[in-house]
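Remarks on the structure that follows.
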Ligand SMILES: [Cu+2]
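In the numbering used here, the protein residues as written are 1 to 321.
Shown next, in the form of structure tokens:
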């Protein structure tokens, strides 16, 4: 793709056009189309938003101008989400917490994707890093539609305070779009109700900072967050919102019964404002995820466009009072 892109040279305006199985690149001089990304034939797995956004990021990092974007063919939009799943969030005693790492479509209870070996997995408690990479074990996760390579790990919870979990997965090749996706993911636990770490950045290349304590969000309230890339806020970021509709069966490594279903409009999307902030009203209890797409600094992997996303998971409870 990038030989083709470079051949246009700098300073030329380009238009990206998403079509059924790939992405076309057209210069505005009307000299026709040039195929830029050839995705695998067949079903496009998700919306055009990420594809267009990745193309824009790739062009920008090559110093090319992008004039406009035309969407010729829509595909069903449903979101990939990296899970870093704990069955419990608020703990009242020291314990070993089992974790499941699954790359999935959790709102639609849809297809799961094969994960490669994670690059990093750790927790931070009261400013101290606990490396969990040695506790990783490969598992097969059974979703409602298919099975996929996934991982499990164990978090030892001893001291009180927040445990902020972070996962840097291996980039995943989305063959239908010819791009890589890497979702740098955070999940929050707390022991003993003592708040310690949740509001602090971990210094990840792409990161969402919660402005509401993420271990204790009330259904009906508004969750707020801030999208950061290398420590700087990202304005206009596209943030997908998902629910784990079918909470995981931790023993069987499979999706439990679906308690909810995805709304008819598919992916829920909010945008960050000029200072990187976004908000979303949490409608009901559950494990909710936010993925800021393609906000990380790295735009290529293995000579293909890379969407480096920032994901966080929060826990919402119904107000029973
Ligand atoms: Cu998907």
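All C-beta atoms in this analysis are idealised placements derived from N, C-alpha and C, irrespective of residue type, glycine included.
Secondary structure, beta strand (DSSP E): runs of 3+ residues fully inside the segment 213-271: Taken in chain order, the complete beta strand (DSSP E) segments of 3 residues or longer contained in the segment 213-271 are 222-229, 238-243, 268-271.
Segment limits, beta strand (DSSP E) that includes residue 182: 179-191
For residue 101 and residue 171, the rounded distance between their alpha carbons: 14 Å
From 240, 182, 203, 213, residue whose alpha carbon lies closest to that of residue 270: 240
So, using beta-carbon positions, are residue 122 and residue 132 closer together than 8 Å? yes
With C-beta atoms as the reference, is residue 231 less than 8 Å away from residue 211? The criterion of a C-beta distance shorter than 8 Å is not satisfied by residue 231 and residue 211.
Endpoints, the beta strand (DSSP E) within which residue 104 is located: Following the DSSP letters along the chain, one finds residue 104 inside the beta strand (DSSP E) bounded by residues 95-104.
Examine the Cβ distances between the segment 207-223 and the segment 249-263 and report whether three or more of them are shorter than 8 Å. no
Could you round the C-beta distance between residue 208 and residue 292 to whole angstroms and report it? I think they count as a contact, below 8 Å. 6 Å
Reference residue 278; option with closest CA among 125, 83, 188, 237: 237
In angstroms, rounded to a whole number, what distance separates the CA positions of residue 204 and residue 289? Looking at the two C-alpha atoms, the distance is approximately 17 Å.
Based on Cα-Cα distance, which residue from 197, 107, 195 lies nearest to residue 256? 107
Run through DSSP, which three-state label would residue 273 get? coil
Under a three-way DSSP split, which group does residue 302 fall into? DSSP places residue 302 in the coil class of the three-state scheme, outside both helix and strand.
Output needed for residue 94: all residues of its chain with C-beta closer than 6 Å, excluding positions within five of it in sequence on either side, in chain order. Short of 6 Å from the beta carbon of residue 94, and not among the five residues preceding or following it, lie these beta carbons of its own chain, in chain order: 157, 158.
If you count every other CB in all the chains shown that lies within 10 Å of the CB of residue 193, and 16 or more means buried, which is it? Burial call: exposed.
Return helix, strand or coil for residue 318, following the three-state DSSP convention. coil
Give me the residue from 154, 262, 219, 300 with the minimum Cα distance to residue 280. 219
Regarding residue 79 and ligand 1, is the C-beta to nearest heavy atom distance less than 7 Å? Indeed, a heavy atom of ligand 1 lies less than 7 Å from the Cβ.
If you reduce the DSSP assignment to three classes, tell me which class residue 130 lands in. Of the three classes helix, strand and coil, the one that applies to residue 130 here is strand, per DSSP.
Using CA coordinates, which residue listed in 88, 187, 84 is at the minimum distance from residue 103? 84
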